[in-house]
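Right, one structure below, let's go through it.
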Amino acid sequence: MWWRQFLKELRGHWGEILLLVGALLVWTAFLYSRVGVWEPELIVLIYWFPMGFLPLWAIWTSVQLYRQEWRENTSYLMLSLPVRAWTITSAKLAIVAAGILGFSALIFGGAALLTARTGFFARIVDVFEIVPLDWMIKTGLIFYGAMIFGILVVSLISQFAYVFSRLFSRFQGLAMVWTWFLTIWLMGEAAWFGHRFLGWMPDLRLQAYYVMNNVPGTHSVAIETGPILAVALFLAGLYWVLNVTVERAVEV
Amino acid sequence: MSVATTTFNGVVKRFGNKPAIADLSITIREGVFMGLLGPNGSGKSTMLKLIAGLYRPDAGSVLIDGEAPSHKTKAKVAYLPEIDHLYNWMTVKGTLDYISSFYRDWDQSRADELVRFMGLDVDAKVGKLSKGMRARLKIVAAMSRNAEIVLLDEPLSGIDPPSRSKVLGAILSEYRIGSQTIIMSTHDVVETETLFEEVLFLKNGQVALLGDAETLREERGKSIRDLFEEVYE
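Line order of the protein sequences matches chains A and B. In our numbering, each number is its position in the first sequence, counted from 1, plus 473. In our numbering, each number is its position in the second sequence, counted from 1, plus 17.
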């Protein structure tokens, strides 16, 4: 059932996904055509521009995933299905996750192509002689994972804000925006609570790499786990409230 | 197979200050074909949406086999809304495949038979179907299940005569007397009068008249259509 729901969401937003993939390919092709005309650094730098749109895409899509159901009256079908709300909400979140993974993979692929084609890679290859490859991969994956997680958090908050706004018969747009900012603020409060009261938890330690006068070195960076745990619990609670709202409160 | 009982206990449902359902208490007998009658705004659709779990009562309770509407009760209820609620980008086959994947009581052979009877093109996109054809598809989706309760909200509303005839034919042929409750809302009594075993007349969200259709005809010496005019004159 979940897979069916996921495929339904995917097919329902197929046009939008293809449009964005097309736009990304056109952007890559355009910059590819500028190789030899523009400076390599400029091409590689502005290539990453679409990455900044990923959170905006996630917010837009998260709202549209629900808004379309009500606008096109398919909420009648969605809410009459004999499934727990998590089947619906998780499929909608998974579409955003799949979209971010797909778009970012495409962006990274294009970046690799342009970096090699512009000769930019040859200019930075020295870095690999100083900084170990395994550290770069590990750190890259941590940052990538954090970025994906961050965008999914924004997606969850956007989905919750829209669904919660459906409980109001008037000023739904205002209610959605207000809920969105309030939830972000509450998440900040949860992080502060974690910092204040869960400070006794052991820190996460990451090795940061630095190069000074061509001499590499490392130093340990401590990351507090208290705020992370508190925010994780807050998000779990938010997801639970989203499901309760879909299952027991929201109407067609 | 047992048939679920539907009970309304002092149910109130308001939209703004206006009550659509006003302190409604009623138990719908199992295994009957009930006509839910009344003019526009009498509370028919609201009542069906409350059973389907698409609206929540402001006061009182709606119970299906003793349970408030939930994912469990939704498995027992087939609901056909008056509006178009299917995904326009799906094909007829895609729509039925999608819906069938959620219901254990889906009867695929019956669905295939109904699709043929309705003259639906399985490869056609829902958004490209005429209003009459979409009404036929909605009936296929609702009647292909062995649901204990079938809620039909104005299934004949605004559709052409050939489609009306097909829709009525499908409802009649697939109704499992005694083992299924059908509640069909309509304000068009002429075509549907003979279908109903029981009738519930709603007026301003309250019961205006309720009873066995045949008994009412005999006791009052009037057809259901004439009773409709009497109740709402």
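Backbone N, C-alpha and C fix where the C-beta goes; we use that ideal spot for every residue, glycine too. If you're wondering where the values come from, they're calculated on a predicted model, not measured in any experiment.
> Who are the neighbours of S553 (chain A) on chain B, taking C-beta pairs under 8 Å?
Replying inline: A69, G70, L71, K91, V94 and Y96
>> For E165 (chain B), count the other beta carbons within 10 Å of its own beta carbon; 16 or more makes it buried, fewer makes it exposed. Which is it?
In response: Around the Cβ of E165 (chain B), a 10 Å sphere holds 16 or more other Cβ atoms; the residue is buried.
>> Pull the bridge partners of E84 (chain B) from the DSSP assignment, please.
In response: B:I81
> If the cut is a Cβ gap below 7 Å, which residues of chain A does H102 (chain B) touch?
Replying inline: N546, T547, Y549 and L550
>> Is M620 (chain A) close to chain B? Criterion is C-beta to C-beta, closer than 8 Å.
In response: no
>> Let me check understanding here. Comparing Cα to Cα, which of A:A571, A:M660 and A:L587 lies closest to L483 (chain A)?
In response: A:A571
>> Does the structure place the segment 703-719 of chain A close enough to the segment 648-665 of chain A that three or more beta carbon pairs sit under 8 Å?
In response: yes
> Pick from B:G33, B:I38, B:K66 and B:G60: whose alpha carbon is nearest that of L168 (chain B)?
Replying inline: B:K66
>> Check this for me: beta carbons of V569 (chain A) and S638 (chain A), under 8 Å apart or not?
In response: no
> According to the Cβ coordinates, are L708 (chain A) and V626 (chain A) closer than 8 Å?
Replying inline: yes
> If Q478 (chain A) and A564 (chain A) are in contact, beta carbons under 8 Å, what's the gap, nearest whole angstrom?
Replying inline: 4 Å
>> Quick check: is the beta carbon of G485 (chain A) nearer than 8 Å to any beta carbon in chain B?
In response: yes
>> I want to verify the contact list: residues of chain B whose CB lies under 9 Å from the CB of A722 (chain A), in sequence order.
In response: R73
> In chain C, what lies closer than 7 Å to R557 (chain A) by C-beta?
Replying inline: No chain C is part of this structure, whose protein chains are labelled A and B.
> Roughly how many angstroms lie between the CA atoms of F594 (chain A) and T588 (chain A), to the nearest whole one?
Replying inline: 5 Å
> Run through DSSP, which three-state label would T22 (chain B) get?
Replying inline: coil
>> Let me confirm a value: Y96 (chain B) is counted as buried when at least 16 other C-beta atoms fall within 10 Å, else exposed. Which label applies?
In response: Residue environment analysis places Y96 (chain B) among the buried positions, since at least 16 neighbouring C-beta atoms fall within 10 angstroms of its C-beta.
>> According to DSSP, H692 (chain A) sits in a beta bridge with which residue or residues?
In response: A:A681
> Using CA coordinates, which residue listed in A:I603, A:W475, A:I561 and A:G646 is at the minimum distance from Y683 (chain A)?
Replying inline: A:I603
> For T63 (chain B) versus T44 (chain B), is the C-beta distance shorter than 8 Å?
Replying inline: Taking C-beta atoms as the reference points, T63 (chain B) and T44 (chain B) fail to come closer than 8 Å.
>> Between A:R590, A:Y712, A:W651 and A:L550, which has its C-alpha nearest T112 (chain B)'s C-alpha?
In response: A:L550
> Quick one: does K611 (chain A) have its CB under 8 Å from some CB of chain B?
Replying inline: no
> Once you ignore the five residues that flank E210 (chain B) on each side, which residues in its own chain have a CB closer than 7 Å to its CB?
Replying inline: Closer than 7 Å at the Cβ level, and outside the excluded window around E210 (chain B), lie S240, I241 and R242.
>> So, with DSSP's three-state summary, where would you put R162 (chain B)?
In response: strand
> Using the C-alpha atoms, what's the distance from I490 (chain A) back to V499 (chain A)?
Replying inline: 14 Å
>> As an exercise, report each continuous alpha helix (DSSP H) stretch of at least 4 residues that is fully enclosed by the segment 549-600 of chain A, in chain order.
In response: 558-591
>> Based on DSSP bridge pairs, tell me the residues matched to R31 (chain B).
In response: B:P36
>> Please report the distance separating the alpha-carbon of I68 (chain B) from that of G27 (chain B).
In response: 14 Å
> Buried or exposed: which applies to M125 (chain B), given that a residue is buried once 16 or more other Cβ atoms fall within 10 Å of its Cβ?
Replying inline: Contrary to the premise, residue 125 (chain B) reads as Gln rather than Met in this sequence. So Q125 (chain B) counts as exposed.
> Where do the N-terminal and C-terminal ends of the beta strand (DSSP E) with I68 (chain B) fall, by residue?
Replying inline: In the DSSP assignment, I68 (chain B) falls outside any beta strand (DSSP E) and lies within the alpha helix (DSSP H) extending over K61 to A69.
>> Please return the same chain residues whose Cβ sits closer than 6 Å to the Cβ of L579 (chain A), not counting the five positions on each side in sequence.
In response: L497
>> Suppose contacts are defined by Cβ-Cβ distances below 8 Å. Is V29 (chain B) in contact with A39 (chain B) by that definition?
In response: yes
> Given a limit of 9 Å on CB to CB distance, which residues of the segment 660-674 of chain A reach chain B?
Replying inline: Here the close residues number zero.
>> Let me confirm a value: W476 (chain A) is counted as buried when at least 16 other C-beta atoms fall within 10 Å, else exposed. Which label applies?
In response: exposed
> What's the call for R721 (chain A), buried or exposed, on a 16-neighbour Cβ count within 10 Å?
Replying inline: With fewer than 16 Cβ atoms within 10 Å of its Cβ, R721 (chain A) is classed as exposed.
>> Here's the rule I'm using: 16 or more other beta-carbon atoms within 10 Å means buried, otherwise exposed. How should N716 (chain A) be labelled?
In response: The Cβ neighbour count for N716 (chain A), taken over all protein chains shown within 10 Å, is at least 16; the residue is labelled buried.
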